[in-house]
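The structure appears below as structure tokens.
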DNA sequence: GTCATGACAAAGA
DNA sequence: TTCTTTGCCATGA
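Residue numbers (this note's numbering): 31 to 142.
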């Protein structure tokens with residue numbers, strides 16, 4: 031088995047590194063992986079993250095606008111918002127308040 | 001092997 | 001300023 035670190039695995043790794051109460055964007059993760067323009071792949075990876083173990087905090091990953099674009103993919107549409115608020119992130123109208131304040135850039139926090 | 005889709009992002013009009 | 005279009009790369013049929 032090649033065990034080659036695929037794009038998905040990288041996304042899961044970074045997603046799990048997101049501190050509690052923080053959020054990041056698909057583009058930020060993509061940029062950290064070296065493919066800033068492949069933000070779509072990050073979101074696509076999240077789609078498969080549901081079957082990944084350990085669980086991937088996909089609820090901490092939102093689009094560049096801080097909007098819970100992926101909430102619709104959770105078990106329940108409210109699950110994502112509930113989880114975020116539970117961690118201290120205020121969500122209003124499917125959008126994170128003070129998004130820039132909660133924003134966590136792996137490219138900055140992890141390494142440069 | 002080819003076509004179509006996807007939880008995004010940046011640029012152009 | 002908002003809306004529209006293109007790019008990106010991997011997965012599935």
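Note that the Cβ used here is the ideal one computed from N, Cα and C, for glycine as well. Remember, predicted model here, so these are calculated numbers, not experimental data.
The bridge partners DSSP lists for residue 97 are 125.
Within the same chain, 54, 58 come within 7 Å of residue 135 by CB-CB distance, once the 5 residues on both sides are set aside. When the five nearest sequence neighbours on each side are left out, the beta carbons in the same chain lying within less than 8 Å of the beta carbon of residue 68 are those of 37, 60, in order along the chain. Excluding residues up to 5 positions away in sequence, 96 lie with their Cβ nearer than 6 Å to the Cβ of residue 129 in the same chain. In this structure, 104 is the residue among 52, 62, 104 with its C-alpha nearest to the C-alpha of residue 77.
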